[in-house]
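Undergrad: Below is the structure I would like to discuss, written out as structure tokens.
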Amino acid sequence: MPHLYPLSRRHTTRAEAGPRAGRKRFYWNSRGLPVLQSLFQEDDAMRICPFRAAVAVTALAMLFLPSALLAQEFSFHEPGARAASLGGAFTARADDATALFYNPAGLAFLEGLRIKTNLIFGHRNLEGTWPASGQVMSSHSNEIRGAHALAWQPVKRLTVAAGLYTPYTYSVSWSPSFSVFSDCTTANFRASYFRTALAFEVFKGFAVSGALDLVSPKLEWKHNVPLNEISFAEYRHRVNGHGTGLTAGVLWKIFPWIQVGARFQRDVTVDLAGDTIRVIYYTNVSSNLSAKNDGPLAAAAAPINYFMSQAIVGRLTMPREIAVGAALTPLPRLSLYADLQWDRWSDFGEWVFYPAEPGVEPDYGIQGVPLTLKDTTSVKMGLEYRATKHVALRGGYTRLASSVDAANRTLLYPDLERNIYALGLGYEGPLFSIYGGDERVSDLSFDIVVRYAAAVPAASTYPGYELNYGSRRFGITVGVGFGL
């Protein structure tokens, strides 16, 4: 008789489990397989050598640099092309409409009407290799995302803005579906934010902001559960929900060569609702087709609740974020940027879904996968060299360590250590009428960045799935903006 282990590997009392305790749930068997520029004018006394300041800031950053940074697969993509080309270090710069997503306080310094749209094209390759046989399983995900922002300054020093972006995404789809004992064949997660903000320049060079977030997460997950020797069930889960959150920002242009910024984003807990559908598959299709109607196989061919959907519920929490950044210009054509960001992923919750009406058929029980995330701290760094008055070359680098150990590296979320490199080009200048006359119709900004992330190979000791994982990610982001 195989031993059964509860869904969560940590001990949970009934009081902790709450009113959902005591219901049906899936288990792991003995093999561990699932059965179920500053605005200030400085005087001579205030001047500080930019080079010495650059050395001091760099030394300070190295002093506080964490020894181990935690990866954030859910928030890999940067919504803004300009920010992405700087390694995501945009909190202290925030000088285009996408400041709405990084530090809304920067919007207070943008005059007139500003529009910025960004398109993100990405490809993620993930491989898992069985050490004994050398068989390779793979997941290839193509992604297209958008981030769009609009900002308007009706009166001097006051700006209103709105925008839509998707800060958290994740996708995995294993091929082939190598086993009927699989806790994940496909998973897709996306959380969209519609943000409205108000930014105000309190005094010259110092601005604050507040924003309201409408959050809409959506999740899909497929996994297999064996029924008997000849058949297994594929469960297809689909849930979504809505929540609201708040964001605040501050930006201070201290001197012409240095400015600092900070952002606070409140965590958002969302109740999810949707359905689960069960689909039956057979390991021997030819036997199924030749079976008689009164045979045991025929009985399995018409199981109770076949294709019937069950209403399910769940809960996830989008992370609280705190980011601080600095922008330094030690040379007239060169600027350096650095951000330190903390995300509270530990409150994200487990990948678990419950029947909306327990005991009502069909009742597929409580299904899920352990997903205990750690809080993450990340450092983002970038530089910009202004080759001409209107053209800038940019680069960024980030190193992220894995947030899971070998014993918890699952098919759902293997999470590998990554080195991320970014190289970008930007143009910002006047846009003239095509009808001649040298009529200036607006300001144009164009940004393009290429990002490449190489993962450090890592092994898993998760029971039943002792795979060696490797991964690569590649992306191109294009941003186009207009100012009127």
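The numbering used here puts the sequence shown at residues 1222 to 1705. For every residue, glycine included, the Cβ atom is placed at its ideal position computed from N, Cα and C.
1) At what residues does the beta strand (DSSP E) containing residue 1452 begin and finish?
2) Could you tell me the distance, in whole angstroms, from the CA atom of residue 1356 to the CA atom of residue 1688?
3) Going by CA-CA distance only, name the one from 1664, 1336 and 1605 that's closest to residue 1550.
4) Is DSSP giving residue 1623 helix, strand or coil here?
5) Is it right to say residue 1698 is buried, meaning 16 or more other beta carbons lie within 10 angstroms of its own, or is it exposed?
6) In three-state DSSP terms, what is residue 1522?
7) So, with DSSP's three-state summary, where would you put residue 1294?
8) So is residue 1638 buried or exposed if we call it buried at 16+ other beta carbons inside 10 Å?
9) Beta-carbon within less than 6 Å of residue 1379's beta-carbon, same chain only, minus the 5 sequence neighbours each way: which residues are those?
10) Round the Cβ separation of residue 1672 and residue 1641 to the nearest angstrom and send it over; I've been treating them as touching at under 8 Å.
11) Given 8 Å as the limit, is there contact between the region 1551-1565 and the region 1298-1312, that is, 3 or more CB pairs closer than that?
12) Can you tell me which of the three DSSP states residue 1585 falls into?
13) Just how far apart, CA to CA, sit residue 1437 and residue 1322?
14) Work out the CA separation of residue 1582 and residue 1588 for me, nearest whole Å.
15) Which ranges does the beta strand (DSSP E) cover as unbroken runs of at least 3 residues, wholly within the region 1480-1504, from first to last along the chain?
16) Figure out for me which residue from 1544, 1585 and 1569 has the closest Cα to the Cα of residue 1601.
17) Among 1590, 1630, 1621 and 1486, which residue has its Cα nearest to the Cα of residue 1564?
18) Do you know offhand how far residue 1481's Cα is from residue 1590's?
19) Going by DSSP, name the residue or residues bridged to residue 1447.
20) In this structure, how does DSSP classify residue 1322 when only helix, strand and coil are distinguished?
21) Our contact map puts residue 1384 next to residue 1416 with C-beta atoms below 8 Å; I'd like the distance itself, whole angstroms only.
22) Who does residue 1641 pair with in a DSSP beta bridge?
23) Could you spell out the range, first to last residue, of the beta strand (DSSP E) harbouring residue 1710?
24) Count the C-beta pairs between the region 1360-1374 and the region 1317-1334 that are closer than 8 Å, then say yes if the count reaches three, no if not.
25) Alpha helix (DSSP H) containing residue 1304: first to last residue?
26) In this structure, does DSSP put residue 1569 in helix, strand or coil?
27) Got a sec, what are the start and stop residues for the beta strand (DSSP E) residue 1361 sits in?
28) Quick one: using the 10 Å Cβ neighbour count with 16 as the cut-off for buried, is residue 1529 buried or exposed?
29) According to DSSP, simplified to helix, strand and coil, what is residue 1628?
30) Find out if the Cβ-Cβ distance for the pair residue 1468, residue 1492 is shorter than 8 Å.
31) So, using beta-carbon positions, are residue 1500 and residue 1454 closer together than 8 Å?
32) Where does the unbroken beta strand (DSSP E) through residue 1611 begin, and where does it stop?
33) Residue 1421 bridges to which residues according to DSSP?
TA: The short version:
1) Going by DSSP, residue 1452 is part of the beta strand (DSSP E) stretching over 1452-1461.
2) Answer to the nearest angstrom: the Cα atoms are 10 Å apart.
3) With distances taken between Cα atoms, residue 1550 lies closest to 1605.
4) It is coil, neither helix nor strand.
5) Residue 1698 should be labelled buried.
6) The predicted position of residue 1522 is uncertain, since its pLDDT is 45 and thus under 50; a value taken from the coordinates is nonetheless stated next. Residue 1522: coil per DSSP, three-state reduction.
7) If DSSP states are grouped into helix, strand and coil, residue 1294 belongs with the helices.
8) That one is buried.
9) Counting only Cβ-Cβ distances below 6 Å, and skipping sequence neighbours, we find 1421.
10) Taking a contact as a CB-CB distance under 8 Å, the pair residue 1672 and residue 1641 counts as one, their CB atoms being some 6 Å apart.
11) Between the region 1551-1565 and the region 1298-1312 there are three or more C-beta pairs closer than 8 Å, enough to call the two in contact.
12) When secondary structure is reduced to three states using DSSP, residue 1585 falls in the coil class, being assigned neither helix nor strand.
13) Rounded to the nearest angstrom, the two C-alpha atoms are 16 Å apart.
14) Spanning the two alpha carbons is a distance of roughly 16 Å.
15) Entirely contained in the region 1480-1504, the beta strand (DSSP E) runs reaching 3 residues are, in chain order, 1489-1503.
16) For the set 1544, 1585 and 1569, the Cα lying nearest the Cα of residue 1601 is the one of 1544.
17) The residue with the shortest Cα to Cα distance from residue 1564 is 1486.
18) Put simply, the backbone Cα of residue 1481 is about 41 Å away from that of residue 1590.
19) 1453.
20) DSSP places residue 1322 in helix when its eight states are reduced to three.
21) The pair is a contact, with the Cβ atoms about 6 Å apart (cut-off 8 Å).
22) Beta-bridge pairing links residue 1641 to 1619 and 1674.
23) Residue 1710 lies beyond the stretch modelled for the chain, which goes from 1222 to 1705, so this question has no answer here.
24) Under the Cβ criterion (8 Å, minimum of three pairs), the region 1360-1374 counts as touching the region 1317-1334.
25) Counting along the chain, residue 1304 sits inside the alpha helix (DSSP H) bounded by residues 1302-1306.
26) Three-state DSSP puts residue 1569 in coil, outside helix and strand.
27) Counting along the chain, the beta strand (DSSP E) containing residue 1361 begins and ends at 1357-1376.
28) Residue burial annotation: residue 1529 is exposed, with fewer than 16 other C-beta atoms found within 10 angstroms of its C-beta.
29) In the three-state DSSP reduction, residue 1628 falls in the helix class (H, G or I).
30) With a cutoff of 8 Å on beta-carbon distance, residue 1468 and residue 1492 are scored as not near each other.
31) For the 8 Å CB-CB criterion, residue 1500 and residue 1454 form a contact.
32) From DSSP, residue 1611 is part of no beta strand (DSSP E); its letter is neither H nor E.
33) According to DSSP, which records beta bridges pairwise, residue 1421 is partnered with 1379 and 1429.
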